[in-house]
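A.B. asks: Protein chains in written order, with the numbering used here: chain A, 1 to 633; chain B, 634 to 1669. One structure, as structure tokens, below. Some questions next.
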């Protein structure tokens, strides 16, 4: 009996012994995530933290570009965005058409959303709170990192100031117990904060980058040039005109007079400093002007690039900041006849604003201009826009049977005449009646060419084209604008003509209001699709004219003589013909100088002065009673 | 008792009592035999068999009536007993069978067959940690289903067999794709904003990898579902309910082989009926007209599509894309084999299963195959020491094309009818988009995606009954599981053919073949493995004193797991024949890997007491520790209590009710359980590596804050109240059970949306703030009746209702009350409310309308009456894809050798958003096309033809596209014929059965073109299966 108890008891004890419960089994750490203490005590990880912030900089390489909110582009897959239609409200800011977020609601990509900008600002503040330069063997490197983060924070506040006006300045790291109900700082305070950060960056950084892609002294000064040009502009000194009766004008501009002149001077000075001291020059490798202009991106931009975001095919963005735009830009933007998706397509208004090669304003009522509207134009037009007849690149297998050369076909139809052997009428391969993926066909008849590498088969390959946050041409233009406003027209013309020389356009000699118009147009065509126009038309207060226009596109029909010996040849030698056989929609307006070409509205637009600034989301207003809403909402 | 031996499905769980009974009988037998004191003269011998199956029954208890003399049958069912004379009677009893008393009437040799017991409610349920208990001694809300009931459902996926069969359990079968055709299971609906998955316990191991989907239904002894706080024995993981699966084990007896072979055929339950070419082209013209354009095609040309057979088949097409892409039916084959048996000390059961399933696609690259075995072994080492070893292995071999099923069905629906899927010569036509032509992209031509999952599950147990203390035992269980995952994605270019109308000199069309897909073959290989160790020790003490029955259990359990992954990528292969990593180009190659781990440690106890099964009490407490939570908050305590009162045991009640109740118990329970299915380490401030940033032409590492820590994070707690009753009337023929539940889930991890201005720059950590109430009832009724000796019918009806309501969500102020989440069910969305269709300009001008609206557009209601339509006019709709009502009706009948069983399932209260990708981008459903608004058909029920997302009502969610999915369907049907025993015994078989089974054969729903359980209202998913199977089952 005792033996039996012993035997069984022992077995039970053995089980318990093997088990031996202990609490330490629960003391586990994540295997793939360092603690905050580990990060900030390790120079390499501190650097990696700074690298991450660069990823948050807002760039324009998105399927929905900032350009669709302006008179630059129309988005193929959906009508005008709520902002462009003037129906954006504090409650639908991020909950608009297509459901949510960046698709069409607020201008810009996710990196321009209020909460995401403040998310990046938190990163910069975390750095300032925790970064320990003493850990670094290389003190210069530590200083540079500090400078870079000042620059990055200034970039983020610049986006906020441009989109929303004065905003709450957060320069600390909030924790759960912090008082986060901060009021908005004034426009001027926000500006000064940006300038101070940019200055702190400029002091610590060199003209030459530590690595390509990192902020430099030039980047910090270029930021100052941009934000000073912005703040000096009329919109922020005439708030009573567009926001009469608004209770807090200091949030959206300057209330004291006289500041505008000082700001223009500051803008001029910093632009000039870059021009005089910086290592920058306009990219010019000689040769074809169109090619040269495209190569500012396709070849990296050389000495013109002040700060750029580079891309590699093997780069696999992931997580919240997943950012495929830059490498799949060609697929998103290109013609459907290449199996590409149309995306943000140039508007007729932009195409029309490229001058003729001899410096004349393009005019549809001029029969010479209208006869062949895409010939003899500013070389930058072709570098920016793919238009009907533009020879781009060989088409992929399939569509190449119809078009072996690779010329854009955004005409509605093409037909041959003059022979009973003529094949029937067919639709343009890149049109919205194309046999190839026509729902991706551009509605305007144009596709974006700027930033798109013609040597890549975009439907199954990625491109490696950088985005220039700042390039030297903008500095010259900023300089010209400041000088125009400071009445030094010679300097202004000098700067503008630098740009025009490089572009292959004749010099200008305008002055007075003509010079202003000329300058604005030069800036429009030079910097098209580079995320400037949205801010420019507002700060110049010309948005009521430019943004109230519906988006238009081209309307073409082609016709050619049939040659039985060269059945396909005629296809590349066609005329535009709109005759009685063609049932022209009522909305098409035939060109006064050439009734064989028409243009037609694509998407409706409407200007609403409220959209000088974006609203602060209703939920954010309710979370923070200190906030004051922008005017006209 | 008349001969009521309807074998299925009412005598569920007869095996468990049989096993249990065998032990008790053995013990009893030994005791009795050793105490024989009478002089006995005559030996009576015989054999005892099961009346329905003819199997011999070992361990049947035999008593000489009026004495204490007895014996038990041996392994062959034979017995021998000494009796004083042949005028005595013998009583044969065996748990799970009717007791029968037979007068010897002079015979010294008698063969007896026992009928299985037909008392409904003779269920046994499993309540966790080894407790197998009579249904009658349960005071919590527990449902159970016998494994054999599930075998008749023609699906290889166990998760598809439970919904509607178990009251309170709902399942949404969202896909029929081979290898991914399981159901999402909810017990009593959704109760938390977080993870609502119930805990699955397989043979005592919680959350065993691989889940229940792929377990062989033929291996399942029974499934118990703990629905209320009685699940607290699983503490922090019990709040969503617990499903306990027990696999079959060996029984003493000669080896018994069972072999099942089935051949099945399946097809989609519904294929959307799409518009034909002429209709579609007419609608494209309408798109042009509505935009102010001239129509792109003349009526004359469209007429050619109306007379398609007269046209050149190369030029004019009227393609039925579903027909081009899908077969009429696809095959599924399954075979199982099992052998079980044993003797007094060793019992075994070993089973095998193999199955393979094809997909709907023509020349399908999709195929699911599974192979598995399970071996359960029990060894009695001594009378008091028992051990066992279980081993199960399974290979799940999934093969897919490189396109997902969602993409495949998206393109089948989008395919334009006037464009060719194939050319008249059979070669594939051009793509629809991105190189996708569904007649090619589901085939091996695009490469393959092979996913192999290997599961190895092993466990050993040791059970020691302490001989010195009666009723005291200890059981230790150690389980070691591993999962290996191999994933190979080989994406190769494929060829499509376009045609520009050119012809050769013979007039034959010249097609232009062109490669699509990746430029060069691309190979991605991934490996993942995980090991789980579960170890527990449980002490049990149970005894009784007079009518006081009590049991006490105390245990502890530890779980640890760790896993790692590894992956690599290459491209630039010269050939699409050699998917080997080292043959790819060195350019753009990539690799990755990661690892993870976790641990839990628990202590638990359960106390049961009842007085004569009249007053029942159960108390449960569990202390759970988890790595997920911070030190100090790592342990949570989860108690529950339940009480029951069996009125039918009270004399006064029987007097009052006239004794119609065989059983009536009222019971209630209350307790707290937890849900720890949340992200671990939320209390730690850590940083995470990102995808890097490019400097100087190379990718430099990046690092950012992973989260803002919440140092106070703790368990999500469910306060669960349940009240119910069970009753059995009419001589155990009718059984009824109903439960009402009211759960309050607190501490749901959710963000404080309202409090934190976004200038904070961080996402608030989840805090234990969310509160959701869920309530409802579930009921089950079964009825059994026999007509004469041959015809038996059985009906079971379950009905469940579960509703939930967000009690606290922390919403920002200022949201219109009709948009708030609080007070509404979870996971609802905002929609514009559609009140009709604009008929003319005058109506548009006089009604608040969207800018640019034209006749034929949907009218959105100006909910807030501000004269404009904007985001504030959206209303929150109560419906979600998950039904509130779930019901099941099981009707079965047996007549002689025939069995017929039908299972109907119904659900109501769910909705799905059914907007298709239509317009220039793709085709329209015919049901829309024929009812659409046109100037000639000024309906108020359907809008005009739309173009993808161009129209405001196509791009803004609205109630027009939100459709109810209420349905009733014949979920399964079985017709079986058992060959007469006289025939089968001649060929050496014990039993042979032929059966035809069907699944989803009939569906009644108002939802057009889609299965009511559709995962995607746009039809972009692999539709549910309708299947028919023929099977042969033999036992020998």
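Built from N, CA and C at the ideal position, the CB exists for glycine as well.
Helix or strand or just coil, what does DSSP make of residue 214(A)?
C.D. replies: Coil at residue 214(A), not helix or strand.
A.B. asks: Kindly identify the DSSP beta-bridge partner or partners of residue 416(A).
C.D. replies: Bridge partners of residue 416(A): 560(A).
A.B. asks: Under 7 Å between beta-carbons, which chain A residues line up against residue 1445(B)? List them in chain order, please.
C.D. replies: The contacting residues are 619, 622 and 623.
A.B. asks: Closer than 7 Å by C-beta to residue 290(A): which residues in its own chain qualify, once you throw out the five before and the five after it? Chain order, please.
C.D. replies: Same-chain partners within the cutoff: 379, 382 and 383.
A.B. asks: Measuring alpha carbon to alpha carbon, tell me which residue in 1567(B), 1070(B) and 1607(B) is nearest residue 1490(B).
C.D. replies: The residue with the shortest Cα to Cα distance from residue 1490(B) is 1567(B).
A.B. asks: Would residue 1540(B) pass as a contact of residue 1571(B) if the rule is Cβ separation under 8 Å?
C.D. replies: The answer is no: Cβ separation not under 8 Å.
A.B. asks: Using a Cβ cut-off of 7 Å, which residues of the stretch 267-279 of chain A contact any Cβ in chain B, in chain order?
C.D. replies: Per Cβ criterion, the list is empty.
A.B. asks: Could you tell me which uninterrupted beta strand (DSSP E) segments, each at least 3 residues in length, are contained entirely in the stretch 1389-1428 of chain B, listed from first to last along the chain?
C.D. replies: List check, beta strand (DSSP E) in window: 1400-1420.
A.B. asks: Using a Cβ-Cβ cut-off of less than 9 Å, list which residues of the stretch 24-38 of chain A approach chain B; keep chain order.
C.D. replies: Those residues of the stretch 24-38 of chain A that come within reach of chain B (Cβ to Cβ, closer than 9 Å) are 25, 26, 27, 28, 29, 30, 31, 32, 33, 34, 35, 36, 37 and 38.
A.B. asks: Which runs of the beta strand (DSSP E) at least 3 residues long sit entirely within the stretch 1098-1149 of chain B? Give them in chain order.
C.D. replies: DSSP runs (the beta strand (DSSP E)) wholly in the stretch 1098-1149 of chain B: 1105-1124, 1127-1131 and 1145-1149.
A.B. asks: Hey, residue 194(A) and residue 225(A): beta-carbon distance below 8 Å or not?
C.D. replies: Not closer than 8 Å, so no.
A.B. asks: Find the residues of chain B that neighbour residue 170(A), judging by a C-beta separation of less than 9 Å, and give them in chain order.
C.D. replies: The contacting residues are 1392, 1393 and 1394.
A.B. asks: Among residues of its own chain, excluding the 5 on either side of residue 1137(B), which ones have a beta-carbon nearer than 7 Å to its beta-carbon?
C.D. replies: So the list reads 1143, once near-sequence residues are dropped.
A.B. asks: Quick check on the burial criterion: 16 or more other C-beta atoms within 10 angstroms. Buried or exposed for residue 1288(B)?
C.D. replies: Burial call: exposed.
A.B. asks: By Cβ distance below 6 Å, which residues in the same chain neighbour residue 836(B) in space, the five residues on each side in sequence not counted?
C.D. replies: So the qualifying residues of the chain are 880.
A.B. asks: Within the 8 Å Cβ cut-off, does residue 1232(B) reach chain A?
C.D. replies: Judged by the 8 Å Cβ criterion, residue 1232(B) is in contact with chain A.
A.B. asks: For the beta strand (DSSP E) containing residue 1368(B), name the first residue and the last one.
C.D. replies: From DSSP, the beta strand (DSSP E) with residue 1368(B) extends over 1367-1383.
A.B. asks: Closer than 8 Å, Cβ to Cβ, to anything on chain A: give me those residues from the stretch 1478-1504 of chain B, in chain order.
C.D. replies: Against chain A - using a Cβ distance shorter than 8 Å - the residues of the stretch 1478-1504 of chain B are 1484, 1485, 1503 and 1504.
A.B. asks: Sort out for me which residues DSSP pairs residue 1005(B) with in a bridge.
C.D. replies: The partner list for residue 1005(B) (beta bridge, DSSP) reads 986(B) and 1027(B).
A.B. asks: For the beta strand (DSSP E) holding residue 466(A), just list the boundary residues, first then last.
C.D. replies: That residue, residue 466(A), is in no beta strand (DSSP E); it is neither H nor E in DSSP.
A.B. asks: Quick check on the burial criterion: 16 or more other C-beta atoms within 10 angstroms. Buried or exposed for residue 424(A)?
C.D. replies: It counts as exposed.
A.B. asks: According to the Cβ coordinates, are residue 1298(B) and residue 1278(B) closer than 8 Å?
C.D. replies: Closer than 8 Å, so yes.
A.B. asks: Beta strand (DSSP E) containing residue 551(A): first to last residue?
C.D. replies: From DSSP, the beta strand (DSSP E) with residue 551(A) extends over 551-555.
A.B. asks: For residue 443(A) and residue 342(A), I'd like the C-alpha separation in whole angstroms.
C.D. replies: Near 8 Å, if we compare the C-alpha coordinates of residue 342(A) and residue 443(A).
A.B. asks: How would you label residue 740(B), buried or exposed, when you count the other beta carbons within 10 angstroms and need 16 or more for buried?
C.D. replies: When all chains shown are included, residue 740(B) counts as exposed.
A.B. asks: Is the separation between the beta-carbon of residue 1511(B) and that of residue 1495(B) shorter than 8 Å?
C.D. replies: Contact: no.
A.B. asks: Going by the DSSP bridge assignment, what does residue 1010(B) pair with across the sheet?
C.D. replies: Answer is 981(B) and 1022(B).
A.B. asks: Suppose the cutoff is 6 Å on Cβ atoms and the five residues either side in sequence are ignored; what does the same chain contact list for residue 876(B) look like?
C.D. replies: Closer than 6 Å at the Cβ level, and outside the excluded window around residue 876(B), lie 831, 833 and 858.
A.B. asks: Suppose only complete runs of 4+ residues qualify. What are the alpha helix (DSSP H) ranges in the stretch 417-488 of chain A, listed by chain order?
C.D. replies: Qualifying alpha helix (DSSP H) stretches, in chain order: 472-485.
A.B. asks: Between residue 640(A) and chain B, is the shortest Cβ-Cβ distance under 8 Å, so that the two count as touching?
C.D. replies: There is no way to answer for residue 640(A), as the model of chain A reaches only from 1 to 633.
A.B. asks: Rounded C-beta distance between residue 1020(B) and residue 1094(B)? I'm assuming under 8 Å.
C.D. replies: Confirmed, Cβ separation roughly 6 Å.
A.B. asks: Which class does residue 8(A) belong to by DSSP, given the choice of helix, strand or coil?
C.D. replies: Helix, per DSSP.
A.B. asks: Residue 1376(B) and residue 1337(B): beta carbons closer than 8 Å?
C.D. replies: Not a contact, by the Cβ cut-off of 8 Å.
A.B. asks: Looking at residue 268(A) and residue 627(A), is the spacing between their C-beta atoms short of 8 Å?
C.D. replies: Going by C-beta atoms, residue 627(A) is not nearer than 8 Å to residue 268(A).
A.B. asks: What span of residues does the alpha helix (DSSP H) with residue 917(B) cover, start to end?
C.D. replies: Counting along the chain, the alpha helix (DSSP H) containing residue 917(B) begins and ends at 910-924.
A.B. asks: For residue 1653(B), name the three-state secondary structure that DSSP assigns.
C.D. replies: Three-state DSSP puts residue 1653(B) in coil, outside helix and strand.
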